[in-house]
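According to our numbering, the residues represented by the sequence shown are 2 to 341, in order.
All C-beta atoms in this analysis are idealised placements derived from N, C-alpha and C, irrespective of residue type, glycine included.
All of these numbers come straight from a predicted model, not from anything done at the bench.
Remarks on the structure that follows.
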Amino acid sequence: MKRRAKKSGNGGASLDSLLDTMTNVVGILVIVLILTQLGVGDAVKRISESLPDITLDQLQLARQEADELRSLLEKLNEQKEEVEARATWDLATADMQRKELERLKRDLTELMEANVEIDKLRKEVEELRKRAKELEQKIAHGTKRIEQLKGMLAETPEPGPPPEAHVVTLPNPRPAPKGAEPIRFVCRGGRIALFDQKRFEELAVRAVKSSQGRVTRSGKTVAIDCSRLLTYLQRRKIGDPRFQMTVKVIRGVPQLVPQMRENAGDTLERLVRGNSQFEGFLRNADSQKNYIKFLVWSDSFDVYLLARQIASRRRFAAGWVPYDKGAEWRIKFPFAVTCS
């Protein structure tokens, strides 16, 4: 540019410089704008040349795809809400199921404990049933016995005046025939059994001889080893079919203690039926040569009464020796004996 002529004075010089500077800046901006326009045009041209040619059909297809994508997006949004709601429901259901599981576990534990109690109660019930059955059997047995006793009472003649009644009902001993031998019957434990004392004494003598290596005598008294005799009797179970022999030492003197074997002899029921061993023994005995000696324990008095009636019908004289229920029955050895 052509410079302007300088004017005189300092104020004019400053204004000229400012105008020159502004002119230069404007010129530079114009140049930059021109260059920028040229660059943008080239860029647009290059981009246009690089893009493929798009037809109307392709544009329409692109619009359809955009619509489909928009519709799919809406469906996904709806499904998202549904999934979120279902997830919330599933969480609530899972929590309910967890609580239900815990409750079932508690119920199972209580049920198992209850089963244990049920087993215990079942055992107690079975035990009570057994006891009830035993009581029923005892009651039935007692009822049957009562009926039998009622029958016996019905057959008993009417008692006379009181003095005669004492003679009829009390088991007082009757005089035995002169020279008659006793036949002993033991009434004990609800049974009656023949006791052959002579046979028992013979067995006792044999047991002493078999159990002792040797014996010592002091006059007529025989000294024996009582412990060896006791061991021998316990091991061999010496006795007859109705009584087993045991020994008890009283103040250094051994004594025989007969023990009635289980199921020996007859019961009251068998006496009532009339097919008892007792009646069989009486049939084989002679009422003129023998008399009956009853050894009666208090727990078998009813058996004794019926046996006494049977003996009376067969014309046997009879006597009796009473014992308390727990009384011990002892017999002396047939010879003088003492423990060494």
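Less than 7 Å between C-beta atoms, sequence neighbours within five positions excluded: which residues of the same chain meet that for Glu329?
In the sequence shown, residue 329 corresponds to position 328, counting from 1. Excluding residues within five positions, the ones whose Cβ falls inside 7 Å are Val258.
Distance check for Ile251 and Gly143, CA to CA, integer angstroms please.
The residue given as residue 143 occupies position 142 in the sequence shown. The residue given as residue 251 occupies position 250 in the sequence shown. Using only the alpha carbons, I get a separation of about 39 Å.
Just the C-alpha distance for Ala1 and Tyr324, rounded to the nearest angstrom, thanks.
In the structure as shown, the chain begins at 2 and stops at 341. Residue 1 is therefore absent and cannot be evaluated.
Contact set for Val297: own chain, Cβ-Cβ below 6 Å, skip 5 residues either direction:
Numbered from its first residue, the sequence shown carries residue 297 at position 296. If we look at Val297 and ignore the five residues flanking it on each side, its Cβ neighbours are Cys188, Tyr305, Trp321, Pro323.
Please classify Ser301: is it buried, with 16 or more other beta-carbons within 10 angstroms of its beta-carbon, or exposed?
Numbered from 1 along the sequence shown, position 300 holds the residue referred to as residue 301. It counts as buried.
Using 10 angstroms around the beta-carbon of Ala133, count the other beta-carbons present and answer buried if the total reaches 16, otherwise exposed.
Here residue 133 corresponds to residue number 132 of the sequence shown, with the count starting at 1. Counting every other CB atom within 10 Å of its CB across the protein chains shown gives Ala133 a total below 16, marking it as exposed.
Which residues in the same chain have their Cβ closer than 7 Å to the Cβ of Glu280, if we skip the five residues on either side of it in sequence?
Numbered from 1 along the sequence shown, position 279 holds the residue referred to as residue 280. Here the set comprises Ile311.
Between the CA atoms of Arg146 and Pro176 - distance to the nearest angstrom:
The count along the sequence shown starts at 1 and reaches residue 176 at position 175. The count along the sequence shown starts at 1 and reaches residue 146 at position 145. Spanning the two alpha carbons is a distance of roughly 32 Å.
Leaving out five residues on either side along the sequence, give the residues of the same chain with a beta carbon under 8 Å from the beta carbon of Val223.
Position 222 of the sequence shown holds residue 223. So the list reads Val209, Val216, Thr217, Phe336, Ala337, Val338, Thr339, once near-sequence residues are dropped.
Would DSSP call Trp90 helix, strand or coil?
On the sequence shown, residue 90 is found 89 positions in, with the first residue counted as 1. Looking at Trp90 - three-state DSSP - the assignment turns out to be helix.
On the CB-based measure, 16 or more other CB atoms within 10 Å of its CB, does Pro160 come out buried or exposed?
Position 159 of the sequence shown holds residue 160. Any reading at Pro160 must be qualified, since the residue scores a pLDDT of 45, below 50, and its modelled position is unreliable; no value is offered.
Mark Val248 as exposed unless 16 or more other C-beta atoms lie within 10 angstroms of its C-beta, in which case mark it buried.
Taking the sequence shown and counting its residues from 1, the one referred to as residue 248 is at position 247. Buried, because 16 or more other Cβ atoms sit within 10 Å of the Cβ of Val248.
In angstroms, rounded to a whole number, what distance separates the CA positions of Ser211 and Ile239?
One-based indexing of the sequence shown puts residue 211 at position 210. One-based indexing of the sequence shown puts residue 239 at position 238. One C-alpha to the other measures close to 12 Å.
Look at the alpha carbon of Ser341 and the alpha carbon of Asp226, and state the distance between them as a whole number of angstroms.
For the purposes of this step, residue 341 is taken as the residue at position 340 of the sequence shown. For the purposes of this step, residue 226 is taken as the residue at position 225 of the sequence shown. Rounded to the nearest angstrom, the two C-alpha atoms are 6 Å apart.
Identify which residue in Tyr292, Leu36, Phe244 has its Cα closest to the Cα of Gly266.
The residue given as residue 266 occupies position 265 in the sequence shown. Checked all of Tyr292, Leu36, Phe244; the closest Cα to Gly266 is Phe244.
Assign Gly320 to one of three DSSP states: helix, strand, or coil.
Locating residue 320 in the sequence shown gives position 319, where the first residue counts as 1. Looking at Gly320 - three-state DSSP - the assignment turns out to be strand.
Of all the CB atoms in chain C, is at least one closer than 8 Å to the CB of Gln98?
Of the protein chains in this structure there is only one, and it is not chain C.
Range covered by the alpha helix (DSSP H) that runs through Lys249:
Within the sequence shown, numbered from 1, the residue matching residue 249 stands at position 248. Under the DSSP assignment, Lys249 falls outside any alpha helix (DSSP H), being part of the beta strand (DSSP E) whose first and last residues are 244-251.
Within 10 angstroms of its Cβ, does Ser9 collect 16 or more other Cβ (buried), or is it exposed?
Within the sequence shown, numbered from 1, the residue matching residue 9 stands at position 8. Its pLDDT being 49, under 50, Ser9 is placed unreliably by the model, and nothing is read from it.
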